[in-house]
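Below is one structure, written out as structure tokens, with a few remarks after it.
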Amino acid sequence: MSIFRQLASRYKKQCETNENHSDPELTTRYYRTNTAQMMQTIEDLFKADQNVNILSISRERGEIAAEIKKNKACFAIVTVVTVRPFETAVDINISTEQSSPAGVHPILKGEVLSIYEKVNKRHDFLGSARNADK
Numbered sequence: 000m001s002i003f004r005q006l007a008s009r010y011k012k013q014c015e016t017n018e019n020h021s022d023p024e025l026t027t028r029y030y031r032t033n034t035a036q037m038m039q040t041i042e043d044l045f046k047a048d049q050n051v052n053i054l055s056i057s058r059e060r061g062e063i064a065a066e067i068k069k070n071k072a073c074f075a076i077v078t079v080v081t082v083r084p085f086e087t088a089v090d091i092n093i094s095t096e097q098s099s100p101a102g103v104h105p106i107l108k109g110e111v112l113s114i115y116e117k118v119n120k121r122h123d124f125l126g127s128a129r130n131a132d133k
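Numbering (numbering that gives the first Met the number 0) for the sequence shown: 0 to 133.
The structure is reproduced here in structure tokens:
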């Protein structure tokens, strides 16, 4: 990645994971569980954190929306999808309206990685970007 692109990306106010992300740390993560168990895990993690306020839970769509008030106030949507029996994909989209002279993207990325790290402790991690276009 060019230096200009790296510098510009620091100031993005959104951090999103996906299957074909250019940053390997921000690719979709897969776990050995089903959607209901993963949704419950995410809900429990958010409820246990006093800096997180769950705004909505849509079990039909596999989405949990939450407000996070840590380093920067931000809004997160965690999407859970069962790919195969006992193989569940988790994607996270987090954004903020706030800014910083040093850029907020590293803070947002850190929050995404923190959520993944907590989930890794509760479920068997199968890998990331397992269905990426290669």
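Positions of the beta carbon are idealized from the N, C-alpha and C atoms, including for glycine.
Taking the alpha-carbon positions, what's the residue i to residue j distance?
i      : j      : result
Asp22  : Gly102 : 17 Å
Phe85  : Pro100 : 43 Å
Lys46  : Phe124 : 22 Å
Asn52  : Leu107 : 17 Å
Lys11  : Asn33  : 33 Å
Leu25  : Ile114 : 12 Å
Pro105 : Ala7   : 12 Å
Asn19  : Gly126 : 14 Å
Lys117 : Ala64  : 17 Å
Ile93  : Thr78  : 11 Å
Candidates the options: which alpha carbon is nearest residue i's?
i      : options                        : result
Thr87  : Val111, Gly61 and Lys12        : Gly61
Met38  : Ser55, Thr26, Asn50 and Thr16  : Ser55
Tyr29  : Leu44, Thr81, His20 and Arg9   : Thr81
Arg58  : Thr40, Glu15, Ala128 and Arg31 : Thr40
Asn119 : Glu15, Thr27, Glu66 and Arg83  : Thr27
His122 : Arg31, Gln49, Arg9 and Asp48   : Arg31
Buried or exposed: which applies to residue i, given that a residue is buried once 16 or more other Cβ atoms fall within 10 Å of its Cβ?
i      : result
Asp90  : buried
Ile2   : exposed
Glu200 : Nothing can be reported for residue 200: it is not among the residues displayed for the chain, which extend from 0 to 133.
Ala75  : buried
May I ask which residues mark the beginning and end of the alpha helix (DSSP H) holding residue i?
i      : result
Asn119 : His104 to Asn119
Would you give the residue range spanned by the beta strand (DSSP E) that residue i belongs to?
i     : result
Lys46 : Here Lys46 belongs to no beta strand (DSSP E); instead the alpha helix (DSSP H) covers Thr34 to Ala47.
Exercise. Is it a yes or a no for the segment 81-97 touching the segment 62-72, going by three-plus beta-carbon pairs under 8 Å?
Worked result: Two segments are said to touch when three or more pairs of C-beta atoms, one from each, lie closer than 8 Å; by this definition the segment 81-97 touches the segment 62-72.
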